[in-house]
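In the working numbering, the protein residues as written are 301 to 693.
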Amino acid sequence: MSVQQSERLVSLDVFRGLTIAGMILVNNPGSWSNIYPALGHAPWNGCTPTDYIFPFFLFIVGVAITISLTKRKESGLDQKKLVFQIIKRGLMIYAIGIFMAAWPFWNFTDNKFIDLSSLRLVGVLPRIGVVYIITSLIFLKTNIKVQAIIGVILLIGYWAIMTLIPVPGYGTPNLNVPVLTNPATGEIFAPNLAGWLDHLILGNHLWKTAKVWDPEGILSTLPAIATCLSGVMLGHWLRSKNDSSVKTSWIFVIGNFAILFGVIWDMWFPLNKSLWTSSYVMFTSGMALLFFGMCYWLIDVKGIKWWTKPFVVYGMNAITVFALSGLVAKTMGIIKVTNKIGEQVSLKTYLYENFFSPFFSPINASLAWALTYIVIWLGLMWILYAKKIFIKV
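Laid out in structure tokens, this is it:
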């Protein structure tokens, strides 16, 4: 049996929807003090299921690049126009990310506009936008062999940069967490090279929790491109004329090999999402292949689709639901209401303390809030899906 190339890959929509639902789940606990370990990021080295989510999305972007851009190239679209469309789309995704970081633009504590001097200029959507542009241009200008070579060079090159090049002003290369030791002077203790570069170039425009480095920073974008290119490789394989059973088998074989390679490399270059280490790229790309392979086999090969609709609904408006759910969550954290004892609390805290905390243990109340949030957004996206409204960035 062979899946026709003209058919839409429902498995890709489902995998995208699962990934976006996972993003919303881990980003919106009722209380950050009460989350299951699997629903939180590894503190530094290591990898939890939550750490799979972002690389999964970049992997999916890579698959979509191969399928979408190949179709547009085959349609005879002028390459200059195609390049313009790619850059425009990537910049729009980047801009949405900056919009989310700046929202609601007003500092309600000081009653003035937010301070743009500390606005975060990197993040999840900005990274997706940048990686999308670069990976798409690589795809347009090169063949599959060159794309694979570029991916390998990025992974080996990043490992060499991070482990062999001394950190200017600090000496020996290291993979430590950068720590701000003197806020007055901006002095950092033992920064790794990626953190040092973020602090040097971006200054105050960093993740406020870390202050002196960013998990979506400049240097770690290089291996993130390799993550996206791994999706491009899968896209090429899916478009091949091989039988679906052969495609599925090799997806699982390569996926397991990548996981094993990542685990072995972890001994010298630890799995680390914040640094987006090369071992992390291999490991999470392997996991993405296994997850996608299962979706592909169940849905597109075996035709078992009865369970897929909720994830298709999420997957068809992925960026939209991610952005809107983030903006609404941020807004609920800003709006103030008075609770039963006369305290001013955020709307989120009020709803959580009145409708979730009394009925569950702390950790399950936190999970119930996140699951409820997913269901609410599923309902809203279902309305768009039913009306065939798909907001493309």
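Virtual Cβ for every residue (Gly too), placed ideally from N, Cα, C.
{"Check": "Could you please give the first and the last residue of the uninterrupted beta strand (DSSP E) stretch that includes Val645?", "Outcome": "Gln644 to Ser646"}
{"Check": "Work out the CA separation of Asn474 and Ala494 for me, nearest whole Å.", "Outcome": "10 Å"}
{"Check": "Sort Val326, Tyr352 and Pro658 by Cα distance to Phe315 and report the nearest one.", "Outcome": "Tyr352"}
{"Check": "So what does DSSP say about Thr638, is it helix, strand or coil?", "Outcome": "strand"}
{"Check": "Taking its Cβ as the centre, do 16 or more other Cβ atoms sit within 10 Å of Val430, making it buried, or is it exposed?", "Outcome": "buried"}
{"Check": "Determine, for Trp576, whether the minimum Cβ-Cβ distance to residues of chain D falls below 8 Å.", "Outcome": "In summary, chain D is missing from the structure at hand, where a single protein chain is found."}
{"Check": "According to DSSP, is Phe690 part of a helix, a strand, or is it coil?", "Outcome": "coil"}
{"Check": "Using a 10 Å radius around the Cβ and a threshold of 16 neighbouring Cβ atoms, would you call Val621 buried or exposed?", "Outcome": "buried"}
{"Check": "Suppose contacts are defined by Cβ-Cβ distances below 8 Å. Is Met582 in contact with Ala558 by that definition?", "Outcome": "yes"}
{"Check": "Can you pull the DSSP bridge partners for Phe413?", "Outcome": "Trp406"}
{"Check": "State the CB to CB distance for the pair Asp498 and Ile525, rounded to an integer number of angstroms; the pair is presumed to be in contact (CB under 8 Å).", "Outcome": "Not really, about 17 Å apart at Cβ, beyond 8 Å."}
{"Check": "Return the Cβ separation of Phe356 and Ala588 in integer angstroms, given the expectation that the two are a contact with Cβ distance under 8 Å.", "Outcome": "5 Å"}
{"Check": "Tell me the rounded alpha-carbon separation between Ala395 and Asn476.", "Outcome": "31 Å"}
{"Check": "DSSP three-state label for Asn695, please.", "Outcome": "What is shown of the chain runs 301 to 693, which leaves residue 695 out entirely."}
{"Check": "Would Phe399 be called buried (16 or more neighbouring beta carbons within 10 Å of its own) or exposed?", "Outcome": "exposed"}
{"Check": "Let me make sure I understand the geometry here. Which of Ser375, Lys541 and Glu653 has the alpha-carbon closest to that of Ile641?", "Outcome": "Glu653"}
{"Check": "By how many angstroms is the C-alpha of Pro466 removed from the C-alpha of Thr509?", "Outcome": "26 Å"}
{"Check": "Identify whether Val310 lies in helix, strand or coil by the three-state DSSP scheme.", "Outcome": "helix"}
{"Check": "For the alpha helix (DSSP H) holding Met567, just list the boundary residues, first then last.", "Outcome": "Element bounds for Met567: n/a, residue is neither H nor E."}
{"Check": "Can you have a look at Phe611 and say buried or exposed, based on whether 16 or more other CB atoms are within 10 angstroms of its CB?", "Outcome": "buried"}
{"Check": "Ser338 lies in the alpha helix (DSSP H); which residues open and close that run?", "Outcome": "Per the sequence shown, the amino acid found at residue 338 is Ala instead of Ser. Note, Ala338: premise wrong, no alpha helix (DSSP H); not H, not E."}
{"Check": "Could you check what DSSP says for Gly471 in three-state terms: helix, strand or coil?", "Outcome": "strand"}
{"Check": "How many angstroms separate the CA atom of Leu522 from the CA atom of Tyr458?", "Outcome": "7 Å"}
{"Check": "Can you say whether Met462 is buried or exposed, counting buried as having 16 or more other CB atoms within 10 angstroms of its CB?", "Outcome": "buried"}
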